[in-house]
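Just so you know, we're using the numbering used here here: the sequence shown kicks off at 12 and counts up by one.
This report concerns only the one structure given below.
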Amino acid sequence: MANQLQEHAVPKVVEVASDLNVTDLLERQVAEDPGNALFARQLQPGQWTDVSAQEFRADVVALAKGLISRGISTGDRVAIMAATRYEWTLLDFAIWYAGAVTVPVYETSSPSQIAWILQDSGVRMVFAEKTSHLKAVDRAIVQEKLDDVEHLFTIEGTDLDELRSEGEAVQDAEVESRRSAADLEDLATIIYTSGTTGRPKGCELTHGNFADLSLQAGTSLKAVINKEASTVLFIPLAHVFARFISVISVATGAKVGHTSDIKQLVDDLGTFHPTFLLAVPRVFEKIYNAAMMKAEGEGKGKIFAKAADTAVEWSKAQQAGKVPLLLGAKHALFSKLVYSKLHARMGGKVTHAVSGGSPLGKRLGHFFHGIGVQIMEGYGLTETTAPITVNTPTAYKIGTVGQPLPGCAVRIAEDGEILGKGVCVFRGYRNRPELAEETFTADGWFRTGDIGTLDDAGFLTITGRKKEILVTAAGKNVAPAQLEDQIRSDAIVSQVVVVGDGRPFVAALITLDPETLPAWLDRQGIPAETSISELTKNPKVREHIQKVVDKANESVSRAESIRTFELLDTDFTIESGHLTPSMKIRRQNIMDDFAEVVDELYENAAKEHAAR
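Here's what the structure looks like:
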């Protein structure tokens, strides 16, 4: 068994001046290669227009002048509430060029959530994407009497053009003075955690968190994120993960496109042709499941299954250092027959992907690696500016979340909690000084709340979340994530929550995926129009889910295994309050809303046991 480290630190590889800030990353790009395309805008479906570094900077400055003309001062907070789009990043940089601080608001936020964020951060100006968002912001302002908010603008429409016009009287020297004033220690943004429990806390992230980390990480990821590289961002820019990729792309000169409509994603990938992707594991599961269901629908299910098994076997052999001749030949054959089609669906040029937010299953990691897409799984939180560890092209171990990035360190506490330190770690929570002791150890390590292990090479493996460890009535500790991730990877499963805290055994609440169900139902001879409510009781559906649960149970001890499950006739969504905007389960909300279902599940199990 490999030795387990208790701490692993990676030194900085780039010396960063203390007076640097995020805007300097753009200034460098303009100075080095003003014509390099940093962005591509989709003005017509399927038609992308490049935006050079020089053009982007010119528009950033024009909008920064508009902000200054409207009275925005150094250090003022400006909110952005919009879907992922080019203007999100444009405004983000304009706010920084004006010397202000960006406060992201998820477009799915309720008026009460909006009110809390605007009030707690002291926002003076809000950019909302469209009229519906503007109405929600306006409602929040009226309800909570938020007098600090002085200006409301919409991104769609003419408001941005009017701001550009208003700012024409502001001198370039004023923008340069504002832009260059911030240093590594100064506040860049306040990101409110989407919060799996309680009221969101505002994470104060500095210019150093973004700029220093981007420059350090840029060296480790140079083969993936560089001037020849490109990506389409589709996860929310309000989330730190997409935001960090946005900044590191500017730092490295990579080209970024945006799409907010997931239904259009495959088409957009097909016209943009990205070289790398950024996504949460659920997206990779859906890509795999969609390909499998399509193959089965065309009567090629067995070929796809063999191709998938071969990809996994090849990846494992390749990681072990030797691919047998016959396996190599099978892999080459399936590359032409199957893998090439999957590549085409991702735009044809994708060689790498970055995955974060929750664990990616080992099999899925090996599958994508086997078809020629290296998924570099990483780990981090809002409080660590997204990645603190990540697998890289040269330091890569499937099943782990990689080694710490340069300038970062990980320590495993005595109780197994992962602690973090370094350039990525935030400075604290907004207006919550009383949380400092709970947030940081006496010697300055950030408590992540996750538990994990380090192997002898410093690769981190996540085993669960400290607060989510279930303790059964028999005293058995159960980490639900290990079971949930495996079950969720099934084609017709949407979400799963393992339960059992204080109960006699472990059980699960499972929801069905309405997107993949029709094709599966057709092959089972079940009418596609059958309601979800009826499907939860259908013997074929339940038999399939039971096999999925049984398979997951093979990875844990008998005491940790799922003994029974309940199929729900509703899904867990962001809108229902059961998922965070980054697709994490709000476990407590689910336990509160489905308390009666859970009670009934255990009561029925007890009755069945008594009747035997």
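All C-beta atoms, glycine included, are put in the ideal place defined by N, C-alpha and C.
Below 8 angstroms, how does it come out for the region 84–99 and the region 214–231: are there three or more Cβ pairs, yes or no?
no
Given 8 angstroms as the limit, is there contact between the region 170–185 and the region 389–407, that is, 3 or more CB pairs closer than that?
no
Give the list of continuous beta strand (DSSP E) stretches no shorter than 3 residues that lie fully inside the region 377–413.
385–392 and 397–401
Can you tell me which residues form a DSSP beta bridge with residue 269?
Within the sequence shown, residue 269 is the residue found at index 258, counting from 1. Answer is 244, bridged to residue 269.
If you draw a straight line from the C-alpha of residue 13 to the C-alpha of residue 133, how long is it?
Position 2 of the sequence shown, counting from 1, holds the residue named residue 13. Position 122 of the sequence shown, counting from 1, holds the residue named residue 133. Only weak support exists for where residue 13 lies, its pLDDT of 44 falling under 50; the value from the coordinates is given anyway. Taking the straight line from one Cα to the other gives about 50 angstroms.
So, is residue 266 buried or exposed, given that buried needs 16 or more other C-beta atoms within 10 angstroms?
Working through the sequence shown from its first residue, we reach residue 266 at position 255. Buried: at least 16 other Cβ atoms inside 10 Å.
Would you say residue 502 faces chain C, with C-beta separation under 8 angstroms as the test?
The structure shown has no chain C; it contains just one protein chain.
When you compare only the Cα positions, how much space is there between residue 336 and residue 199?
As a working note, residue 336 is residue 325 in the sequence shown. As a working note, residue 199 is residue 188 in the sequence shown. Distance between the alpha carbons of residue 336 and residue 199 is about 53 angstroms.
Return yes when the C-beta of residue 527 is under 7 angstroms from any heavy atom of the ligand GDP, and no when it is not.
With respect to small molecules bound, the structure shown includes none, and the ligand GDP cannot be examined in it.
Within a Cβ cutoff of 8 angstroms, which residues of the same chain sit near residue 636, ignoring the five residues on either side of it in sequence?
Because the chain spans 12 through 623 in this model, residue 636 falls outside it and cannot be assessed.
Could you round the C-beta distance between residue 220 and residue 419 to whole angstroms and report it? I think they count as a contact, below 8 angstroms.
Taking the sequence shown and counting its residues from 1, one reaches residue 220 at position 209. Taking the sequence shown and counting its residues from 1, one reaches residue 419 at position 408. Incorrect: roughly 11 angstroms between the Cβ atoms, too far for contact.
In or out: residue 276 buried (at least 16 other Cβ within 10 Å) or exposed?
Residue 276 sits at position 265 when you count from the first residue of the sequence shown. With 16 or more other Cβ atoms within 10 Å, it is buried.
Can you tell me the Cβ-Cβ gap for residue 217 and residue 438, rounded? I've got them flagged as a contact below 8 angstroms.
In the sequence shown, the residue the question calls residue 217 occupies position 206. In the sequence shown, the residue the question calls residue 438 occupies position 427. At roughly 6 angstroms, the Cβ-Cβ gap stays under 8 angstroms, so residue 217 and residue 438 are in contact.
Can you tell me whether residue 117 is helix, strand or coil according to DSSP?
Along the sequence shown, one-based indexing puts residue 117 at 106. In this structure, DSSP gives residue 117 a state outside helix and strand, which the three-state scheme calls coil.
I'd like to know whether the C-beta atoms of residue 4 and residue 430 end up nearer to each other than 8 angstroms.
No statement about residue 4 is possible, as the shown extent of the chain runs from 12 to 623 and does not include it.
Based on the DSSP output, what are the partners of residue 363 in its beta bridges?
Within the sequence shown, residue 363 is the residue found at index 352, counting from 1. Answer is 287 and 385.
Would residue 503 and residue 523 qualify as a contact pair, given that the criterion is a beta-carbon distance under 8 angstroms?
One-based indexing of the sequence shown puts residue 503 at position 492. One-based indexing of the sequence shown puts residue 523 at position 512. Cβ distance < 8 angstroms, so residue 503 and residue 523 count as in contact.
How would you label residue 322, buried or exposed, when you count the other beta carbons within 10 angstroms and need 16 or more for buried?
Along the sequence shown, one-based indexing puts residue 322 at 311. So residue 322 counts as buried.
Can you give the Cα-Cα distance for residue 260 and residue 251, rounded to whole angstroms?
Your numbering for residue 260 matches position 249 in the sequence shown. Your numbering for residue 251 matches position 240 in the sequence shown. Computed Cα separation, rounded: 14 angstroms.
Specify, as a first and last residue, the run of the beta strand (DSSP E) that residue 428 falls within.
Locating residue 428 in the sequence shown gives position 417, where the first residue counts as 1. Its beta strand (DSSP E) spans residues 428–433.
When DSSP labels each residue in this structure, what does residue 208 get in the three-state scheme?
Looking up residue 208 in the sequence shown gives position 197. Because residue 208 sits at a pLDDT of 49, beneath the cut-off of 50, its placement in the model cannot be relied upon, and the following sentence gives the value as read from the coordinates. Coil at residue 208, not helix or strand.
Using three-state DSSP, classify residue 564 as helix, strand or coil.
By 1-based counting over the sequence shown, the position of residue 564 is 553. Here residue 564 sits in helix by DSSP.
Runs of 4 residues minimum, wholly inside the region 487–574: which ones carry the alpha helix (DSSP H) assignment?
Along the length of the region 487–574, whole alpha helix (DSSP H) runs at least 4 residues long occupy 491–499, 528–535, 543–546 and 550–564, reported in chain order.
If you drop the 5 nearest sequence neighbours on each side, which residues of the same chain put their C-beta closer than 8 angstroms to that of residue 86?
For the purposes of this step, residue 86 is taken as the residue at position 75 of the sequence shown. These residues qualify, in order along the chain: 110, 111, 112 and 198.
Classify residue 272: buried if its beta carbon has 16 or more other beta carbons within 10 angstroms, exposed otherwise.
In the sequence shown, counting from the first residue as 1, residue 272 sits at position 261. The residue is exposed, with fewer than 16 neighbouring Cβ atoms inside 10 Å.
Quick check: what's the CA-CA separation for residue 208 versus residue 127?
Start at 1 with the first residue of the sequence shown, and residue 208 comes out as number 197. Start at 1 with the first residue of the sequence shown, and residue 127 comes out as number 116. Because residue 208 sits at a pLDDT of 49, beneath the cut-off of 50, its placement in the model cannot be relied upon, and the following sentence gives the value as read from the coordinates. Looking at the two C-alpha atoms, the distance is approximately 15 angstroms.
Alpha carbons only, please: which of 338, 311 and 89 is nearest the one belonging to residue 534?
One-based indexing of the sequence shown puts residue 534 at position 523. When only C-alpha atoms are compared, the closest one is 311.
For residue 357 and residue 381, I'd like the C-alpha separation in whole angstroms.
Here residue 357 refers to the residue found at position 346 of the sequence shown. Here residue 381 refers to the residue found at position 370 of the sequence shown. So the alpha carbons of these two residues sit roughly 15 angstroms apart.
Quick check: what's the CA-CA separation for residue 152 versus residue 121?
Within the sequence shown, numbered from 1, the residue matching residue 152 stands at position 141. Within the sequence shown, numbered from 1, the residue matching residue 121 stands at position 110. Residue 152 and residue 121: Cα-Cα distance of roughly 12 angstroms.
Ignore the nearest five residues each way along the sequence and tell me which others in residue 75's own chain have a CB closer than 6 angstroms to its CB.
Taking the first residue of the sequence shown as 1, we reach residue 75 at position 64. Excluding positions up to five away in sequence, the list reads 105, 108, 109 and 186.
Output needed for residue 519: all residues of its chain with C-beta closer than 6 angstroms, excluding positions within five of it in sequence on either side, in chain order.
The sequence position of residue 519 within the sequence shown is 508, counting from 1. Closer than 6 angstroms at the Cβ level, and outside the excluded window around residue 519, lie 507, 509, 573 and 576.
Distance, Cα to Cα, residue 553 vs residue 541?
Here residue 553 is taken as the residue at index 542 of the sequence shown, counted from 1. Here residue 541 is taken as the residue at index 530 of the sequence shown, counted from 1. Roughly 15 angstroms between the two C-alpha positions.
If we ignore side chains and look at the alpha-carbon of each, how far apart do residue 269 and residue 484 end up?
As a first step, residue 269 must be located in the sequence shown, where it is residue number 258. As a first step, residue 484 must be located in the sequence shown, where it is residue number 473. Distance between the alpha carbons of residue 269 and residue 484: 49 angstroms.
Quick check on the DSSP output: the alpha helix (DSSP H) that includes residue 106 runs from which residue to which?
Taking the first residue of the sequence shown as 1, we reach residue 106 at position 95. 97–108 is the span of the alpha helix (DSSP H), which, as asked, contains residue 106.
Tell me where the beta strand (DSSP E) around residue 18 begins and ends.
Indexing the sequence shown from 1 puts residue 18 at position 7. That run of the beta strand (DSSP E) goes 18–21.
With DSSP as the reference, label residue 13 as helix, strand or coil.
Taking the sequence shown and counting its residues from 1, the one referred to as residue 13 is at position 2. Because residue 13 sits at a pLDDT of 44, beneath the cut-off of 50, its placement in the model cannot be relied upon, and the point is left open.
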